[in-house]
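If you want our numbering, it's the 1-based position in the sequence shown plus 51. The beta-carbon is built from N, C-alpha and C at its ideal position, and this holds for glycine as well. Note sheet for the following structure.
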Amino acid sequence: MWRGLTERLQALLSRWRGRGRLTEEEVDEWLRELRLNLLEADVNLRVVRQFISQLRERLLTPEVLEHPNPSRRMTQIVYEELTKLLGEKPSPLVFAPQPPTVFLLLGLQGSGKTTTCGKLAMLLKKQGRRPLLVAADLKRPAAVEQLEQIGEKAQVPVFAMRASSPEDLARAALHRAQTNAHDVLLVDSAGRLHTDEELMAELKRLKQALQPHEALMVLDATTGQDAVRVAETFDAEIGITGIILTKLDSDARGGAVLSVRAVTGKPVKLVGTGEHLSDLEIFHPDRMAARILGLGDVSSLMERVESLLDEATAKRMEERLAKGTFGLDDLLVQLRQMRQKGPLEQLLSLLPGLGGLGGPRWQIDERKLKRMEAIILSMTPEERRNPDIIDGSRKRRIAKGSGTSVQEVNQLLRQFKAMRDTMRRLAKARLSDKELLRLLGGM
């Protein structure tokens with residue numbers, strides 16, 4: 052995500068590395084380049100102007116200009132201002148004091164709205180809630196079928212009926228929730244390729260009938276300023292309470308993420324990070340700012356690893372990391388479980404220094420994973436427990452037994468040791484984003 056923007060920001064922030072004092076002219080030139088980079092990333096012009104103005108006010112001070120390490124201090128300030136722009140703190144979903152809670156999801160066709168309904172249902176199930184999906188597109192049978200398929204995959208019931216009006220549908224859905232003890236209604240509203248008067252009128256009536264506790268706008272992050280304009284239209288016509296951004300795993304330029312809250316005044320509450328139903332996360336502005344700057348997202352990395360592994364495996368891994376006994380058997384278990392639940396490049400994107408990278412360079416295909424498994428399975432139990440004993444003759448035997456090369460065995464061992472050392476540090480430290488920023492300030 053935002054590969055180009057992150058690389059350009061990292062280059063800008065490292066420009067003054069090793070420098071002492073800065074001049075006002077140098078800072079202004081630096082800000083001009085930053086402004087161009089943000090505009091190229093499709094960030095709203097008004098948002099860019101305000102952001103640059105606030106940065107300039109903070110940077111043109113003796114504290115920064117005379118700082119012994121201006122690159123580090125500038126990185127800290129840009130991180131803090133980005134966090135403010137994105138919303139500072141997570142904005143939790145609003146639940147009713149007495150169930151059922153009603154969430155109305157709005158969005159254009161193709162934004163990922165229906166899939167997001169399923170993802171949100173999965174997230175709520177993990178929290179111990181009993182969601183009910185409601186198909187509220189009265190004119191597109193295909194939309195109802197899609198939601199039913201997603202509901203079956205998520206193992207969440209779907210309510211659908213041929214209703215003559217949004218009001219009839221709302222009454223029937225609320226009755227179904229109450230009689231079957233569902234505490235959350237997730238209403239998948241009608242979606243079209245573009246906004247029109249008929250669609251808006253139908254959505255207004257549906258919202259009026261449901262009286263939802265949240266009206267959540269689902270936006271495709273890859274569409275940049277178009278997504279922001281759609282959000283403005285829906286908010287003016289219908290009224291929204293929050294935003295869910297989808298497709299953040301793609302090579303989005305970043306404009307929608309950086310602009311939408313400042314333009315609409317509505318918080319981003321959740322983000323979709325992949326194709327799987329488990330790929331929906333609470334939006335943390337501070338973590339997102341760190342990822343945009345390429346500083347990684349250690350907190351999300353640990354949460355993602357824990358969510359990918361079953362509870363027993365995660366606990367065993369944590370204990371082994373703490374004791375320093377993490378071996379290749381543990382890596383084999385992780386590889387198999389992670390292959391079932393999502394692409395490993397999503398995890399790589401959360402590591403410090405890799406946050407802005409994506410695309411083919413970090414995509415790990417099934418064939419390579421199978422070869423890694425074959426190498427590990429060709430080792431003796433003792434070698435898997437203690438890879439440090441693997442010398443040249445053992446490597447040749449392992450390569451022959453797995454149908455691979457000694458070079459591939461060496462590569463796997465290097466990757467394992469690097470991962471083990473990194474994960475051991477993370478397990479012990481659980482660094483906050485600010486601590487991470489402090490450590491990486493001179494990068």
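(message) I want to know whether the region 214-221 touches the region 190-205 - three or more CB-CB distances under 8 Å.
(response) no
(message) Rounding to the nearest angstrom, what Cα-Cα distance links R66 and L110 in this structure?
(response) 15 Å
(request) Using the DSSP secondary-structure output, state which residues sit across from E332 in a beta bridge. (result) V322
(message) Just to confirm before moving on: does the CB-CB distance between L184 and G202 stay below 7 Å?
(response) Yes. Within cutoff.
(request) With a floor of 4 residues, list each alpha helix (DSSP H) that falls wholly inside the region 109-154, ordered by position along the chain. (result) Counting only runs of 4 or more, we get 113-116 and 121-137.
(request) Have a look at the DSSP bridge pairing and note the partners of I294. (result) M268 and V319
(message) Checking 7 Å against the spacing of the C-beta atoms, do G169 and A211 come in under that value?
(response) no
(request) Give a yes or no on whether the C-beta atoms belonging to A260 and T292 are separated by under 7 Å. (result) no
(request) Count the C-beta pairs between the region 92-104 and the region 303-319 that are closer than 8 Å, then say yes if the count reaches three, no if not. (result) yes
(message) Considering only their Cβ atoms, is the gap separating R68 from N88 smaller than 7 Å?
(response) Taking 7 Å as the Cβ cut-off, N88 and R68 do not qualify as a contacting pair.
(message) Give me the DSSP bridge partner(s) of D239.
(response) Beta-bridge partners of D239 (DSSP): L156 and A186.
(message) Please tell me whether D337 and T297 are closer than 7 Å, where the distance is taken between their beta carbons.
(response) No.
(message) I believe M268 touches L137 by the beta-carbon criterion, under 8 Å. Please report the beta-carbon distance rounded to the nearest angstrom.
(response) Going by Cβ atoms, the distance from M268 to L137 rounds to 16 Å, so no, they are not a contact pair.
(request) Classify G406 as buried or exposed, calling it buried when 16 or more other Cβ atoms lie within 10 Å of its own Cβ. (result) Confidence at G406 is low in this model, with a pLDDT of 47, below 50, so the placement of that residue is unreliable and no value is reported for it.
(request) State the Cα-Cα distance for the pair A425 and D380, rounded to the nearest angstrom. (result) 12 Å
(request) Give the straight-line distance between the Cα atoms of A232 and K317, rounded to the nearest whole angstrom. (result) 31 Å
(message) What does the alpha-carbon distance come out to for the pair L153 and S456?
(response) Sequence check: residue 153 is Val here, not Leu. Each residue's Cα considered, the two are about 57 Å apart.
(message) Contact defined as beta carbons within less than 8 Å: I believe A186 pairs with L198. What is the distance between those atoms, to the nearest angstrom?
(response) 5 Å
(request) With a threshold of 16 other CB atoms inside 10 Å of the CB of R312, please say whether the residue is buried or exposed. (result) buried
(message) On a Cα-Cα basis, can you pick out the residue from R422, D439, P438 and Q466 that is closest to G452?
(response) R422
(message) What does the alpha-carbon distance come out to for the pair A442 and S429?
(response) This sequence places Asp at residue 442; Ala is not what is there. Their backbone Cα atoms lie some 14 Å apart in a straight line.
(request) Measure the C-alpha to C-alpha separation of L487 and L344 and round it to an integer number of angstroms. (result) Because the pLDDT at L487 is just 45, under 50, the model does not fix this residue reliably, and the value given afterwards should be weighed accordingly. Using only the alpha carbons, I get a separation of about 12 Å.
(request) Below 8 Å CB to CB, which residues in the same chain sit around A282 once its five sequence neighbours on both sides are set aside? (result) M268, L270, I291, I294, V311, V314, T315 and K317
(message) Between which two residues does the alpha helix (DSSP H) holding G202 run?
(response) P192 to A205
(request) Would you please state the rounded distance, in angstroms, between the beta carbons of L299 and T324? I believe it to be under 8 Å. (result) 5 Å
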